[in-house]
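The block underneath contains the structure these notes are about, expressed in structure tokens.
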Amino acid sequence: MNRATQRTELLRLGFVDLDRALADLDRLGPGAADLLALLGRTADPDAALRGLCRLADAAEEEGESEERARLLAAVRDDEGTAMRLLSVLGASAALADHLATHPAHWRELADPELGCTRPAAWAIRAALLDAVRDRPDREAVDALRVEYRRHLLRLAARDLTHHLGVDDAAAELSDLAAGTLDAALAVARARLGEAADGVRLAVVAMGKCGGHELNYVSDVDVLFVHEGDERVAARLAAQMMQVCADHTAEGTIWPVDAALRPEGKAGPLSRTLASHQSYYERWAEPWEFQALLKARPVAGDLALGRDFVAMVAPMVWSVADKEGFVDAARAMRRRVLDHIPAREAERQLKLGAGGLRDVEFAVQLLQLVHGRADEAIRPPTTLSALARLTDGGYVGREDGDALHRAYAFLRQLEHRIQLHRLQRTHVVPADEVALRRLGRSLGFFKEPGKRLEETWQDHRREVSRLHQKIFYRPLLSAVARIGSDEVRLSSEAAGARLSALGYADPQAALRNLEALTAGVSRTAAIQRTLLPAMLQWFAECPDPDGGLFGFRRISEALGRSPWYLATLRDEGEAAERLAHLLATSRYCTDLLEREPAGVRLLGGDLHPLGSAALTEEMLATGGRQEGFEKGIRAVRGVRRRELLRIAAGDVLGLVDVADVGFALTRLTDATLEATLQGAMTTTARARGLGEPPTRMAVVAMGRYGGFELSYGSDADVLFVHEPVEGADAHEAATFARLVAEEVRRVLAAPGPDPALVVDADLRPEGRQGPLVRTLDAYASYYAKWSHVWEAQALLRADAVVGDPGLRARFTELIDPLRYPAGGLTDDDVVEVRRIKGRVDKERLPRGADPALHLKLGRGGLADIEWTVQLLQLRHGAEVAGLRTTQTLAALDAAAEAGLMTHDDAATLAASWRLATRVRNAVLLARGRAGDEFPRAVLERRAVAGILGYQLTETDRLLDDYLRVTRHAHAVVDRVFWE
43 MNRATQRTEL
53 LRLGFVDLDR
63 ALADLDRLGP
73 GAADLLALLG
83 RTADPDAALR
93 GLCRLADAAE
103 EEGESEERAR
113 LLAAVRDDEG
123 TAMRLLSVLG
133 ASAALADHLA
143 THPAHWRELA
153 DPELGCTRPA
163 AWAIRAALLD
173 AVRDRPDREA
183 VDALRVEYRR
193 HLLRLAARDL
203 THHLGVDDAA
213 AELSDLAAGT
223 LDAALAVARA
233 RLGEAADGVR
243 LAVVAMGKCG
253 GHELNYVSDV
263 DVLFVHEGDE
273 RVAARLAAQM
283 MQVCADHTAE
293 GTIWPVDAAL
303 RPEGKAGPLS
313 RTLASHQSYY
323 ERWAEPWEFQ
333 ALLKARPVAG
343 DLALGRDFVA
353 MVAPMVWSVA
363 DKEGFVDAAR
373 AMRRRVLDHI
383 PAREAERQLK
393 LGAGGLRDVE
403 FAVQLLQLVH
413 GRADEAIRPP
423 TTLSALARLT
433 DGGYVGREDG
443 DALHRAYAFL
453 RQLEHRIQLH
463 RLQRTHVVPA
473 DEVALRRLGR
483 SLGFFKEPGK
493 RLEETWQDHR
503 REVSRLHQKI
513 FYRPLLSAVA
523 RIGSDEVRLS
533 SEAAGARLSA
543 LGYADPQAAL
553 RNLEALTAGV
563 SRTAAIQRTL
573 LPAMLQWFAE
583 CPDPDGGLFG
593 FRRISEALGR
603 SPWYLATLRD
613 EGEAAERLAH
623 LLATSRYCTD
633 LLEREPAGVR
643 LLGGDLHPLG
653 SAALTEEMLA
663 TGGRQEGFEK
673 GIRAVRGVRR
683 RELLRIAAGD
693 VLGLVDVADV
703 GFALTRLTDA
713 TLEATLQGAM
723 TTTARARGLG
733 EPPTRMAVVA
743 MGRYGGFELS
753 YGSDADVLFV
763 HEPVEGADAH
773 EAATFARLVA
783 EEVRRVLAAP
793 GPDPALVVDA
803 DLRPEGRQGP
813 LVRTLDAYAS
823 YYAKWSHVWE
833 AQALLRADAV
843 VGDPGLRARF
853 TELIDPLRYP
863 AGGLTDDDVV
873 EVRRIKGRVD
883 KERLPRGADP
893 ALHLKLGRGG
903 LADIEWTVQL
913 LQLRHGAEVA
923 GLRTTQTLAA
933 LDAAAEAGLM
943 THDDAATLAA
953 SWRLATRVRN
963 AVLLARGRAG
973 DEFPRAVLER
983 RAVAGILGYQ
993 LTETDRLLDD
1003 YLRVTRHAHA
1013 VVDRVFWE
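Per this note's numbering, the very first residue in the sequence shown carries number 43; after that it's consecutive.
Here you go:
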């Protein structure tokens, strides 16, 4: 074969560096070209050929030319030896290095029985113990590493060449780890000498080693059980760990991790059986029992280890009954996701979405839920457990087989990634060279990188789909026949699974599922498609039961609407948003039940509409109706829709708390504008008037004027009118009163839409005074009778609805009152403080905790708002920035003007924002307003979720609130009272 033909053949076989390959073939001598076909079947032909040359050179250095000749002859003459050796050299640079350092080990791969015989665990253990027996310490540690890699070399060759099942490879790796731990323990005992003789020490493997499914390179999770002197046991355990992890001239093996022991790294390294029992019975968290699912004695005193496993087993299989089990299971998965570096998220094979951990987590949770009553599904190995779950009917046959295939592929890919450098990694490389090598190692010889990526992504998607389906679809089978090939859970098993997933009333949930899926209609069929995903989303929220019941109510109202189920089926975001709202917010659920068509909104933009667009829509919608009453019902319908938009955006974390206040205020502006115009037109027509005899305006007050409305807030207002030229004053006053009364009546009237209470009690003389006054009457009153508290109330006055000219004139009238020239007198400051002290003392409800009252508590809304308002009254005349109705804007202006430090302003703003967010979240969660930090567990969890905390972090939310308000209260003491 000439050089040109050789180069063509090398390219076809997968070589890249053709010149180097030709030179290496020449170095190997006659007959080397006969190896090309076998080299072409390796993961990296270039690396395999280079490795063979390097090994031949090393063999010659160690055993002179005869050893080199024997090696090359074996490779040329024995296809089995050649294939095993070249496959290892092409797939693992680390094992190629090992062979170059210990060239005699190539003979291990010449064993004709290697491909068909798996070594027994006892034989592996005996060989490793023999390697360290009667050797000096340092020599024993190195000998253990060499013997470990000798076994690893044999396993890798079988894995790469003889189609070893991934479960068999993982089991053999686990046996190798167990033998290594025993040998390391023998070295540790030799180090301690006679002191260790009286101590029994068991090494119990956890995680993958315990489950007989270890990777090529992994931390080996263990815990220790002893009898005898605790200090000696701890030293023995620590020395054993050190023997495995230390770096020597022969490298390292792997770290031994004992962090899963009771109390983690803060607890003693080893405990007695009684100490373990006491801890697990009294203090252990549910996740710790899930970690014990795979516990297996592997080294040391195996009888003591078996006693430990027997002791914890009943606790492990009853953990699903424990309070907090669902939260703990969620927390474990969440901790995994939180620890994924952002740069690795899309390439994570183990921890990312559709990765190995999704399969393992799903299988373990199903085992814990159903293994209480069915011992057959308790195997610790993932694939074995999945097979038992499938055979037992807990997972569908097709789903179980598909998940098995996906998991086996992902584990095999993980093995190939780690085998290359014998490094602990779970990230699929992105560079073409590595992808090509990995693809070829898995049998993809044509376009290996591309096919590997496609296959991997296909399996990821399949795992993500099945992870959801195997949990939730079988639940439907308990209440509906969904196909002969589907799992059919008993109602008891389905109830147990629902309970474990967080449903408080599983039987009610099953009734709701039955109502949704019964029958053979197209609607029922679509529901059966939707519900597995919906059930998962409900289970991730504070109130799964409420979410499912709300979904049933809405589905019954809209089930025959052609767009409803199609929208949820085809627009995944809309369905997920709906599930989140229904299982989190009773307020949103109530709005949706009032008008289920609001579901349409959830697939679109949930940011609030602007004021001009809202006003235009309300005026147009109301104007198209026949009669004022129907027009206002249409206006209220628009308001209900926009309340849902704002609330949904708030619950889903899409809208800032300040933007919520602005949005609700602008929505109220538009509602009042449309209603005022309609009421004036209708009243004029009813009184036989061609035109209204007076101009009218509505002045926002209180939280409405401050752009700080909440969902359940009344609209505090003042009504003002100004007779048109030539109009009768009495007629104008009567007209204005009738219009104001009509506005209040139609907006507060009972109906399918949330009422808007228009409260005019802040008017001069309160309820005893006239409902509407002229501009001159306001001027006269304020000139004669106004008090400092009225000036304070006017700080929030914002004339926003009605005649623009009248609104401007009213603002001109009140500005000198609320921003007095020269500020407040000393007596006025004393009066403001006196009133504040009285409010603090008298208005706090009996039995309320002052630290937890959102409005009147220490560092709460009232503290901050009164502090800001006192600064506005004192300095508003000279500081333009203080002339605003908004608390946060006034705080910024006060800091800029030097009236308080920027740090103090930030402290008050943080407390105001947090108290407002909690107050809004309380209403969203329970559907009614509340001014106290929630006490009920369900409400507190919902509030935590709405505020962006994890559902289990209610204590952290409370701690944050107390800390923020405590700091704010200290600022109020300095700024308001001093």
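Even glycine gets a Cβ: it sits at the ideal position worked out from N, Cα and C.
Whole-Å CB distance - residue i paired with residue j, under 8 Å assumed
i, j, result
"Ser627", "Val677", "Not quite, the Cβ-Cβ distance comes to about 24 Å (not below 8 Å), so this is no contact."
"Arg167", "Ala220", "7 Å"
"Ala742", "Asp840", "4 Å"
"Tyr321", "Pro304", "4 Å"
"Thr247", "Val174", "Rather than Thr, the amino acid found at residue 247 in this sequence is Ala. Not quite, the Cβ-Cβ distance comes to about 20 Å (not below 8 Å), so this is no contact."
"Arg959", "Val699", "5 Å"
"Leu624", "Gly589", "4 Å"
"Ala863", "Ala932", "No, Ala863 and Ala932 are not in contact; Cβ-Cβ is about 19 Å, not under 8 Å."
"Gly592", "Thr631", "4 Å"
"Leu206", "Gly342", "So it is not a contact: roughly 29 Å between Cβ atoms."
"Leu234", "Val285", "Wrong, their Cβ atoms sit about 12 Å apart, outside the cutoff."
"Leu227", "Ala199", "With 8 Å as the limit, Leu227 and Ala199 do not qualify as a contact, their Cβ atoms being about 28 Å apart."
Beta-carbon proximity check, residue i vs residue j, cutoff 8 Å
i, j, result
"Tyr629", "Tyr746", "no"
"Arg642", "Asp795", "no"
"Phe350", "Leu311", "no"
"Met282", "Ala345", "no"
"Pro154", "Gly122", "yes"
"Asp405", "Leu428", "Looking at the sequence itself, residue 405 is Val, so the reference to Asp does not match. Yes, they are a contact pair."
"Ala757", "Pro765", "no"
"Ala726", "Glu733", "yes"
"Arg1008", "Gly847", "no"
"Arg805", "Thr927", "no"
"Leu55", "Leu77", "no"
"Val979", "Ala967", "no"
"Leu256", "Ala212", "yes"
When the options are compared against residue i, the one with the closest alpha-carbon
i, options, result
"Gly673", "Thr713, Ala904, Thr927, Val702", "Thr713"
"Pro892", "Phe975, His204, Leu930, Leu912", "Phe975"
"Gly793", "Asp711, Ala185, Glu671", "Glu671"
"Arg180", "Val262, His289, Glu109", "His289"
"Glu684", "Arg54, Gly645, Leu706", "Leu706"
"Asp845", "Leu837, Arg860, Leu817", "Leu817"
"Ala276", "Asp416, Glu292, Val262, Arg313", "Arg313"
"Arg983", "Gln834, Asp239, Gly652, Cys583", "Cys583"
"Pro735", "Phe777, Thr497, Pro421", "Phe777"
"Lys250", "Asp261, His763, Arg737", "Asp261"
"Ala232", "Glu214, Ala182, Gln319", "Ala182"
"Arg502", "Arg112, Tyr449, Arg187", "Tyr449"
"Arg385", "Pro471, Ala124, Ala308, Pro586", "Pro471"
"Leu603", "Phe580, Gly640, Ala835, Thr994", "The sequence shown places Ser at residue 603, not Leu. For Ser603, the nearest C-alpha among the options comes from Gly640."
is_contact[residue i, chain C] using C-beta, thresh 8 Å
i, result
"Asn554", "Among the protein chains of the structure shown there is no chain C, as only one such chain exists."
Checklist entry - Does the region 712-719 come within contact of the region 775-794, defined as at least 3 CB pairs closer than 8 Å? => result Look at the beta carbons and you see the region 712-719 touching the region 775-794: at least three pairs across the two are nearer than 8 Å.
Checklist entry - In the region 542-613, which residue ranges form an unbroken alpha helix (DSSP H) of at least 4 residues, counting only runs that do not cross its ends? => result Runs of the alpha helix (DSSP H) lying entirely within the region 542-613 and spanning at least 4 residues, in chain order: 548-559, 564-581, 586-600, 604-612.
Item to check | Any 3 or more C-beta pairs closer than 8 Å across the region 332-340 and the region 350-365 | outcome: Short answer: they touch.
Checklist entry - Taking contact to mean at least 3 C-beta pairs separated by less than 8 Å, is the region 489-509 in contact with the region 435-448? => result These segments touch.
Item to check | At least 3 beta-carbon pairs within less than 8 Å: the region 190-206 vs the region 395-411 | outcome: No: fewer than three Cβ pairs fall under 8 Å.
Next on the checklist: Check whether the region 472-490 and the region 536-549 are in contact - that is, three or more C-beta pairs closer than 8 Å.
Outcome noted: Result no; under three Cβ-Cβ pairs closer than 8 Å.
Next on the checklist: Quick check on the DSSP output: what are the complete alpha helix (DSSP H) runs of length 4 or more inside the region 896-975, in order along the chain?
Outcome noted: Counting only runs of 4 or more, we get 903-917, 929-938, 944-968.
Next on the checklist: When you compare the region 877-890 with the region 975-990, are there three or more beta-carbon pairs, one atom per stretch, that lie closer than 8 Å?
Outcome noted: The region 975-990 and the region 877-890 do not touch, with fewer than three beta-carbon pairs separated by less than 8 Å.
Next on the checklist: Three Cβ pairs or more, each shorter than 8 Å: is that satisfied between the region 942-955 and the region 545-552?
Outcome noted: No: fewer than three Cβ pairs fall under 8 Å.
Next on the checklist: What ranges does the beta strand (DSSP E) occupy inside the region 425-485, keeping only unbroken runs of at least 3 residues that lie completely in it?
Outcome noted: Within the region 425-485, no run of beta strand (DSSP E) reaches 3 residues while sitting entirely inside it.
Item to check | Segment contact flag, the region 90-104 with the region 123-135, C-beta cutoff 8 Å, min 3 pairs | outcome: Yes: the two stretches touch, three or more of their Cβ pairs being nearer than 8 Å.
Next on the checklist: Pairs of beta-carbons, one from the region 811-831 and one from the region 863-874, closer than 8 Å: are there three or more?
Outcome noted: Taking 8 Å as the limit for Cβ pairs, the verdict is that the region 863-874 does touch the region 811-831.
Item to check | Ranges of the beta strand (DSSP E) found wholly within the region 731-808, counting only runs of at least 3 | outcome: Listed in chain order, they are 736-742, 757-765.
Checklist entry - Which runs of the beta strand (DSSP E) spanning at least 3 residues fall entirely within the region 125-210, listed in chain order? => result The region 125-210 contains no whole beta strand (DSSP E) run of 3 or more residues.
Checklist entry - Enumerated in chain order, which unbroken segments of the alpha helix (DSSP H) with a length of 4 residues or greater are wholly contained in the region 828-899? => result Here the runs fully enclosed are 830-836, 846-860, 868-884.
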